[in-house]
C-alpha cells in the first residue's frame, strides 16, 4: 500500500507514521497519497492533543474514508473502548466514513443500542450519532485495516 501523506498543520512539515503512534495526533492534516500541493478545504485535520483525546493514527483510504486507530486507555493498555478527537477543515456538505479499526471489544454497549455523540458548529449541542444525521458508523476489525468497505460510494 502506498504511504499516506501526513502533515503537521502548525509546523507545516511532514511527519512519519512513527510520530503518530507515540502520542495523540496534533493538528494532523491527512491528504491523498502522493499529494504535494497546497492543502485544500476538505483535506481533513484531525486533533486529539487535549485532555481525554485519544486518537493515535489515521490512515487515508479515499477522499471520503479514513481508518482511525484509537490509543489505549491510560491505566489499562489492553482496552480501547471510547474515542475523543476533533476534525477541522471540512467542506460544507462533505461526508466521510470513519472506520474505528482497533476497538478492543466487539461486544460493547454500542451493540446494545448506545451511540457515539457528535458536536459541531452546525450542531452546538452534543447529539447522538444516528441514521437521521446521515452518519453511518461501524467497528472495523484490525485485520481489515486498509481495505475499503465503502469504496462503491
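Residue numbers (the numbering used here): 9 to 161. Think of the CB as a built atom: it goes at the ideal place given N, C-alpha and C, for glycine as much as any other residue.
Original post:
In its own chain, which residues sit with a C-beta less than 8 Å from the C-beta of residue 135, not counting the 5 before and 5 after it?
Top reply: 125, 126, 127, 141
Original post:
In angstroms, rounded to a whole number, what distance separates the CA positions of residue 99 and residue 33?
Top reply: 21 Å
Original post:
Per DSSP, what kind of secondary structure is residue 75 in: helix, strand or coil?
Top reply: strand
Subject >> Cα-Cα separation between residue 45 and residue 53, rounded to whole angstroms >> reply: 16 Å
Subject >> CB contact flag (residue 77, residue 64, <8 Å) >> reply: yes
Original post:
What residues match up with residue 43 in a beta bridge as DSSP calls it?
Top reply: Bridge partners of residue 43: none, in fact.
Subject >> Close Cβ partners of residue 96 (< 6 Å) along its chain, the five nearest in sequence each way excluded >> reply: 53
Subject >> Best match in 129, 81, 82 for proximity to residue 101 [C-alpha to C-alpha] >> reply: 129
**OP:** Locate the beta strand (DSSP E) running through residue 34, then write down its first and last residues.
**Re:** Residue 34 -> no beta strand (DSSP E), and no H or E assigned at all.
Original post:
Sorted by chain position, which residues of the same chain lie with C-beta nearer than 6 Å to residue 80's C-beta, five sequence neighbours on each side aside?
Top reply: 88
Subject >> Selection from 57, 68, 60 that minimises the alpha carbon distance to residue 50 >> reply: 68
Original post:
Among 91, 37, 39, which one has its Cα closest to the Cα of residue 59?
Top reply: 91
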